[in-house]
Amino acid sequence: MIFFAFSRRQTIKDFRSANINVLIATAVIEEGLDIPQCDLVIRFNKPNNFSSYMQSKGRARAKQNASYVLFMDASNVETYNRDEMEYKNYEEIEKMIQHGFSLDESDNDVTVDLSLIPPYCLSNGVVIDATRAAQLIMEYCVLLGNGQIFPPRFLFHGHASPYTCILSMPANCPVRDDIQCSCARKKLAKYKCCLEMVKKLHEQGEFNEHCLPNRNRTLLKIDIKIENQIFQLVDELFEKKSESSFETFSKHITKFPLKTDQLSTNWHLYQINNELGFVVPYELIKLPRFNLYENNKITIIEVVYLKSINYEQYENKLKDFCQYLFEYVFDDMNTNTILKFDIENSIFQLLPCLLTKLGDIDFNRMTIICNRKNKFIQNNSELNNTELYYPSHLPEKRFYMHVSDDSLLKQASASWDQKIISEDIKTYADYFEYKVSDLRIRRDRYLVTMKGVKKARINYLIETSINTDKETTDSESQPVHYPIELLCYAPLNKIDFELIYKLPSILVRISQLYRIERLRKLFADNIKYYSLLDADQMPTVTFNDNLRTNKNLSLLPLISLIYNNSPSIFSKLQPSPDILFQAITRRSANEKTDMENLEILGDCFLKLTVSMSLYHRYPLASAGALTIEKSKQISNENLYRIAIEKKLKLYLNVMKINFRGKDANWLPPGYIINDIEQIKNNKNVLNLKRYNNQYVKRKAFADMIEAFIGAFLISTDYTITIQFMKWLGLDVIPLDENNHIMEIPSILCSCNKIDEINQIIDKFYRDQEFYDIENVINYKFNNKAYLIAAFTHPSSFANRLTNCYERLEFLGDAVLDFLVTRHIFVNNTNITPGLVTDIRQDLSNNGRLAYILVAYRLHTKILHNSPDLFGKISVYAGDNDLFPKDSSIYNQLSKDIDQWADSTAPKALADVFEALVGAIFLDSNKCLQTVWNVIKPLLQQYIDRSITDPNLNPVRTFFEQGGKVISETTKTDTDKETTISIYIVETANGCQFEGYGANKKMAKADACRKAIKSVMSNKIIDD
799 MIFFAFSRRQ
809 TIKDFRSANI
819 NVLIATAVIE
829 EGLDIPQCDL
839 VIRFNKPNNF
849 SSYMQSKGRA
859 RAKQNASYVL
869 FMDASNVETY
879 NRDEMEYKNY
889 EEIEKMIQHG
899 FSLDESDNDV
909 TVDLSLIPPY
919 CLSNGVVIDA
929 TRAAQLIMEY
939 CVLLGNGQIF
949 PPRFLFHGHA
959 SPYTCILSMP
969 ANCPVRDDIQ
979 CSCARKKLAK
989 YKCCLEMVKK
999 LHEQGEFNEH
1009 CLPNRNRTLL
1019 KIDIKIENQI
1029 FQLVDELFEK
1039 KSESSFETFS
1049 KHITKFPLKT
1059 DQLSTNWHLY
1069 QINNELGFVV
1079 PYELIKLPRF
1089 NLYENNKITI
1099 IEVVYLKSIN
1109 YEQYENKLKD
1119 FCQYLFEYVF
1129 DDMNTNTILK
1139 FDIENSIFQL
1149 LPCLLTKLGD
1159 IDFNRMTIIC
1169 NRKNKFIQNN
1179 SELNNTELYY
1189 PSHLPEKRFY
1199 MHVSDDSLLK
1209 QASASWDQKI
1219 ISEDIKTYAD
1229 YFEYKVSDLR
1239 IRRDRYLVTM
1249 KGVKKARINY
1259 LIETSINTDK
1269 ETTDSESQPV
1279 HYPIELLCYA
1289 PLNKIDFELI
1299 YKLPSILVRI
1309 SQLYRIERLR
1319 KLFADNIKYY
1329 SLLDADQMPT
1339 VTFNDNLRTN
1349 KNLSLLPLIS
1359 LIYNNSPSIF
1369 SKLQPSPDIL
1379 FQAITRRSAN
1389 EKTDMENLEI
1399 LGDCFLKLTV
1409 SMSLYHRYPL
1419 ASAGALTIEK
1429 SKQISNENLY
1439 RIAIEKKLKL
1449 YLNVMKINFR
1459 GKDANWLPPG
1469 YIINDIEQIK
1479 NNKNVLNLKR
1489 YNNQYVKRKA
1499 FADMIEAFIG
1509 AFLISTDYTI
1519 TIQFMKWLGL
1529 DVIPLDENNH
1539 IMEIPSILCS
1549 CNKIDEINQI
1559 IDKFYRDQEF
1569 YDIENVINYK
1579 FNNKAYLIAA
1589 FTHPSSFANR
1599 LTNCYERLEF
1609 LGDAVLDFLV
1619 TRHIFVNNTN
1629 ITPGLVTDIR
1639 QDLSNNGRLA
1649 YILVAYRLHT
1659 KILHNSPDLF
1669 GKISVYAGDN
1679 DLFPKDSSIY
1689 NQLSKDIDQW
1699 ADSTAPKALA
1709 DVFEALVGAI
1719 FLDSNKCLQT
1729 VWNVIKPLLQ
1739 QYIDRSITDP
1749 NLNPVRTFFE
1759 QGGKVISETT
1769 KTDTDKETTI
1779 SIYIVETANG
1789 CQFEGYGANK
1799 KMAKADACRK
1809 AIKSVMSNKI
1819 IDD
């Protein structure tokens, strides 16, 4: 009979009364429905988890010979073996549950007793009896332990009836009050406690509407803004997007310059240097000075406003000069093919010009230059050493300068002494007349002696080192001879070439800095925590890496991270144009700087501030709930949405600038894409897009947001940086409904009076000898409750005063990551992004932190009630290879780094270390200096060595060196009932290595680590 929702109650009733013998149902049968007399359950699909397994198995409730049958797919051996091991684990947990509720020898008649306990009835018809309650409690403890079981504790009072049972839940259960029940029998009291605890857990939302452990218990109930919901719906309207999805976006934010309300025919004249300037239709915002990198020297460019001019009066001359430059001087910018001149419709409305010494437009000089177009040399008297020339018969303009050396002179009638291409060629005059039809050369004239000139450099954006001693090529150093009849003036003379050829680079920087100044204003206007400095008050923009050049000794100060919600409008601290340029620039742009290091810095501070805010805002939330919400906040998806909503997307600088040739993508001022050519030649459509669009993965926009945070970090202070993040819409300031900063949640879970609690905590602190911990770390806690909580494992019952370490570990992880990252940047200005990542992982990985904790014997102070954890810690700490008994702490910490990095040490050890960091952070009023003073000595030896010789990511390093995977398998140890993964890898020279681990990731890392270690050893021997 099929189980339909509308008749389920009647169907269950019929099944219970044996009117129906076979019931076929979907998984909904698991949801809290009690069927006491079923003797056979057959499950076709695989249970998703232990709770699902127990729910379906729990339907086989007949007292005699009840059976539970699971179907397994044997077609895939690996899947079959994995499922079999999983079911065996379920059975082990089930045995623990049964052991926890075994009958006492003197307590045989349980059935009668249990029937006397009233069941817990939900309004939706779900009924939980005492037996089911006991099972639910154990299932819930499995959920608390994330797959492990942290069993509850049952204590009894009394040696005769009635018996009092006290039920205590693990330390990470939100119900910290003990449950006490008295009954005539111990077992009855025990089951009654379970039923009462189920009621409390259900009331607190830990159990769902079916009274099953709520697997969504770690989700905070946070209302998502309607705008965010709409954004996601629209974004994924046609296809699912991910951070790896590529996106095309415009290179241009808007027209340059921005249109104003001013209606005038006047344009505005600006000076670039004493001879070069430009005019624009609207006044520009002030631009900062910037560097231009010439041959082995730096030129500082300052754009200065001169005056307004009557554009209509000079329009034609200005247009002619612009076209001459970008169609004749720069003759390979695709102008007149892909591009055409149209200043009125161009998005780059700027016309270059030359200036007189008095600051006026030098139309006379501009006209002389334009008149050089295709102008031939008439006689030898025009030749001089300041001019450049080109032979008119060559397909490409090849520039030459005149050599006035009489010893090199040759007459046109001189015998041809070069390669013979025709028997008719006897003289130089014959050769050139043969090459150029209709050319007549006077034999009585001398040929012009010339020397080749290198093609002029056009890109002055980045610093390039030029070796002046390097020999020029033969074609440039050897003199050549041309008849004067073939020579034309070059588009510019030598002096003008040096001046004009810098123009494209200057214009690129002007347009980029115009964009940056708009960004500076956008941030200042919205953050309102500092007064925007004029561009001329800002340092010269170098376009270099600010983290490498920053000489500020107060960079990222180690101070208290105290929230400040009061604006300080007079602050002069603000991000410079230079650092904002770095924050928007990808490595693909081929600049001397990029966002990657700022991104790393911003990423770790983002995690810290979001962690702090969530810790304040949700005092009752579990660490799992906080982690899930933090992941949402700092996700690339959320940061991408912020970039869109704050209109920051178009500021991203991705594409390398190519001024000329087939890969040219720079749009000269006054030009637009030639639509006619686009229609005629469809093959060019994709090529045309490079002038207007950039192409990048979505993650790049999230990276830019993190880089902005990093930019604020190193150029302002923590307060302004947090306010910037608040403007972005990130949850970094915990404000209550009255807009007040929320207090730090109490670490205590007891509601006793403060004086009583302090006395109890002091006694507990002394009894557990926690002062030993303070002596080791050289820090005395003001509030001992933080120290106690940091060493309280979730399975512990000993500590009923404070929360367990999970929330502190959540916060301490972020604090530790920030402090380590900060130390790396402050002490290593030439660090690369990849090396930063490696060192961060090396200094704060779980294996490293666990090793330190055990080396200092702090693991002996952990409060827990987990036999499994006890066994793992004992095995790890008792490994004589890692911790020789006769070795000092110093010697242990001086061992080969690779021996314990990324080891399989129990994660709880690293968790306690991070919780200790979080505890010190809160106890010291969030003082970064205090925390660093404590943890730096513990990490000092690793810090020094990791920076000079980092324990590089073995997997990445292995594949970067040409390694490959040969095979991956699993092996089952039937005695230990465990499965291990095996990875075999091969180095570039053919050597193979095996790696082992509890999962594929660990096995892969183990194999790669062995391979890299072998390669490095062989390299040392060879050296």
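Each number in my numbering comes from the position in the sequence shown (counting from 1) with 798 added on.
Every residue gets a Cβ at the ideal spot worked out from N, C-alpha and C, and that includes glycine.
**Asked** Cα separation between Lys-855 and Glu-1004?
**Response** Taking the sequence shown and counting its residues from 1, one reaches residue 855 at position 57. Taking the sequence shown and counting its residues from 1, one reaches residue 1004 at position 206. Approximately 22 Å, taken between the alpha carbons.
**Message:** Do Thr-1619 and Arg-1638 count as a contact pair if the criterion is CB distance below 7 Å?
**Reply:** Against the sequence shown, residue 1638 aligns to sequence position 840. Against the sequence shown, residue 1619 aligns to sequence position 821. Closer than 7 Å, so yes.
**Request:** Taking only the alpha-carbon atoms, compute the straight-line gap between Ser-1544 and Asn-1731 and give it to the nearest angstrom.
**Result:** Within the sequence shown, the letter at position 746 stands for residue 1544. Within the sequence shown, the letter at position 933 stands for residue 1731. One C-alpha to the other measures close to 25 Å.
**Request:** Consult DSSP for Ile-1159 and reduce its assignment to one of helix, strand or coil.
**Result:** Against the sequence shown, residue 1159 aligns to sequence position 361. Under the three-state reduction of DSSP output, Ile-1159 falls in the strand class.
**Item:** Opposing strand residues paired with Gly-757 [DSSP bridges]
**Value:** As shown, the chain starts at 799 and ends at 1821. That puts residue 757 outside it, with no answer to give.
**Request:** Consult DSSP for Cys-1168 and reduce its assignment to one of helix, strand or coil.
**Result:** For the purposes of this step, residue 1168 is taken as the residue at position 370 of the sequence shown. Of the three classes helix, strand and coil, the one that applies to Cys-1168 here is helix, per DSSP.
**Asked** When the Cβ atoms of the segment 1701-1715 are set against those of the segment 1603-1619, are three or more pairs found closer than 8 Å?
**Response** yes
**Asked** So Ala-1675 packs on Phe-1681, CB below 8 Å; how close in whole Å?
**Response** To locate residue 1675, count along the sequence shown from 1; it is residue 877. To locate residue 1681, count along the sequence shown from 1; it is residue 883. Confirmed, Cβ separation roughly 6 Å.
**Message:** Please state whether the Cβ-Cβ distance between Lys-1834 and Tyr-1287 is less than 7 Å.
**Reply:** The question about residue 1834 has no answer, for the chain in this structure spans 799 to 1821.
**Message:** Let's see if you can read the secondary structure: which residues bound the alpha helix (DSSP H) around Lys-1497?
**Reply:** The residue labelled residue 1497 in the question sits at position 699 within the sequence shown. Here the alpha helix (DSSP H) through Lys-1497 covers 1497-1513.
**Item:** Secondary structure of His-1066, DSSP reduced to three states
**Value:** Position 268 of the sequence shown, counted from the first residue, corresponds to residue 1066. Taken through DSSP and simplified to helix, strand or coil, His-1066 comes out as strand.
**Prompt:** Among Lys-1802, Phe-813, Ala-928, Tyr-1299, which has the Cα closest to the Cα of Asn-1255?
**Reply:** In the sequence shown, the residue the question calls residue 1255 occupies position 457. Sequence check: residue 1255 is Arg here, not Asn. Per the C-alpha coordinates, the member of Lys-1802, Phe-813, Ala-928, Tyr-1299 positioned closest to Arg-1255 is Tyr-1299.
**Request:** Decide if the segment 1572-1583 is in contact with the segment 1625-1645; the criterion is three or more beta carbon pairs, one per stretch, under 8 Å apart.
**Result:** no
**Message:** Mapping the DSSP letters down to three states, classify Ile-1377 as helix, strand or coil.
**Reply:** Looking up residue 1377 in the sequence shown gives position 579. Reduced to three states, the DSSP call for Ile-1377 is helix.
**Item:** Arg-841, enclosing beta strand (DSSP E) - first and last residue
**Value:** By one-based count along the sequence shown, residue 841 stands at place 43. Start and end: 838-841.
**Asked** What are the start and end residues of the alpha helix (DSSP H) that includes His-1621?
**Response** Within the sequence shown, the letter at position 823 stands for residue 1621. From DSSP, the alpha helix (DSSP H) with His-1621 extends over 1604-1625.
**Request:** Sort out for me which residues DSSP pairs Thr-1046 with in a bridge.
**Result:** Here residue 1046 refers to the residue found at position 248 when the sequence shown is read from its first residue. Answer is Tyr-1493, bridged to Thr-1046.
**Prompt:** Looking at the structure shown, is Tyr-1229 part of a helix, part of a strand, or coil, going by DSSP?
**Reply:** Your numbering for residue 1229 matches position 431 in the sequence shown. Looking at Tyr-1229 - three-state DSSP - the assignment turns out to be helix.
**Minimum length 4: unbroken alpha helix (DSSP H) runs contained in the segment 944-982** = none
**Prompt:** Just the Cα atoms here: how many angstroms apart are Phe-1457 and Ile-1167?
**Reply:** The count along the sequence shown starts at 1 and reaches residue 1457 at position 659. The count along the sequence shown starts at 1 and reaches residue 1167 at position 369. So the alpha carbons of these two residues sit roughly 22 Å apart.
**Where Asn-1114 sits in the DSSP three-state scheme** = Start at 1 with the first residue of the sequence shown, and residue 1114 comes out as number 316. Residue state, collapsed to three classes: helix.
**Asked** Taking all protein chains shown into account, do 16 or more other C-beta atoms lie within 10 angstroms of the C-beta of Lys-1802, making it buried, or fewer, making it exposed?
**Response** Start at 1 with the first residue of the sequence shown, and residue 1802 comes out as number 1004. Burial call: buried.
**Prompt:** Do Thr-1590 and Leu-1661 have their CB atoms nearer than 7 Å?
**Reply:** Here residue 1590 corresponds to residue number 792 of the sequence shown, with the count starting at 1. Here residue 1661 corresponds to residue number 863 of the sequence shown, with the count starting at 1. In this structure, the beta-carbon distance from Thr-1590 to Leu-1661 falls below 7 Å.
**Asked** Thinking C-alpha only, which one of Trp-1525, His-1008, Tyr-1516 is nearest Lys-1444?
**Response** One-based indexing of the sequence shown puts residue 1444 at position 646. The option with the nearest alpha carbon to Lys-1444 is Trp-1525.
**Asked** On the three-state DSSP scale, how would you describe Cys-939?
**Response** As a first step, residue 939 is located in the sequence shown; it is residue number 141 there, counting from the start. If DSSP states are grouped into helix, strand and coil, Cys-939 belongs with the helices.
**Item:** beta strand (DSSP E) segment containing Leu-1074, residue limits
**Value:** The count along the sequence shown starts at 1 and reaches residue 1074 at position 276. Here the beta strand (DSSP E) through Leu-1074 covers 1074-1078.
**Request:** Could you tell me the distance, in whole angstroms, from the CA atom of Gly-1508 to the CA atom of Thr-1340?
**Result:** Residue numbering aside, residue 1508 sits at position 710 when the sequence shown is read from its first letter. Residue numbering aside, residue 1340 sits at position 542 when the sequence shown is read from its first letter. Using only the alpha carbons, I get a separation of about 18 Å.
**Item:** Tyr-1187, enclosing beta strand (DSSP E) - first and last residue
**Value:** Here the question's residue 1187 lines up with position 389 in the sequence shown. Unbroken beta strand (DSSP E) run through Tyr-1187: 1187-1189.
**Message:** Given this structure, state the Cα-to-Cα distance separating Gln-919 from Gln-808, to the nearest angstrom.
**Reply:** In the sequence shown, the residue the question calls residue 919 occupies position 121. In the sequence shown, the residue the question calls residue 808 occupies position 10. What sits at residue 919 in the sequence shown is Cys, not Gln. Answer to the nearest angstrom: the Cα atoms are 18 Å apart.
**Message:** For Cys-992, which residues in the same chain have their Cβ closer than 6 Å to its Cβ, ignoring the five residues on either side in sequence?
**Reply:** Within the sequence shown, numbered from 1, the residue matching residue 992 stands at position 194. Taken in chain order, the residues that qualify are Ala-931, Ala-932, Ile-935.
**Asked** Is Gly-1527 helix, strand or coil when you go by DSSP?
**Response** Counting from one through the sequence shown, the residue named residue 1527 turns up at place 729. DSSP places Gly-1527 outside both helix and strand once states are collapsed to three, so it counts as coil.
**Request:** Using 10 angstroms around the beta-carbon of Ala-1805, count the other beta-carbons present and answer buried if the total reaches 16, otherwise exposed.
**Result:** If you number the sequence shown from 1, residue 1805 lands on position 1007. Burial call: buried.
**Request:** Label Gln-1276 either buried or exposed according to how many other C-beta atoms from any shown protein chain fall within 10 Å of its C-beta, with 16 as the threshold for buried.
**Result:** Taking the first residue of the sequence shown as position 1, residue 1276 is located at position 478. It counts as exposed.
**Asked** Around the Cβ of Asp-1615, are there at least 16 other Cβ atoms within 10 angstroms (buried) or fewer (exposed)?
**Response** For the purposes of this step, residue 1615 is taken as the residue at position 817 of the sequence shown. It counts as buried.
**Request:** Give me whichever residues DSSP pairs with Phe-1757 in a beta bridge.
**Result:** To locate residue 1757, count along the sequence shown from 1; it is residue 959. In DSSP, Phe-1757 forms no bridge with anything.
**Prompt:** Once you ignore the five residues that flank Ile-1098 on each side, which residues in its own chain have a CB closer than 8 Å to its CB?
**Reply:** Residue 1098 sits at position 300 when you count from the first residue of the sequence shown. Within the same chain, Ile-1098 has close Cβ partners Arg-1087, Phe-1088, Asn-1089, Leu-1090, Thr-1338.
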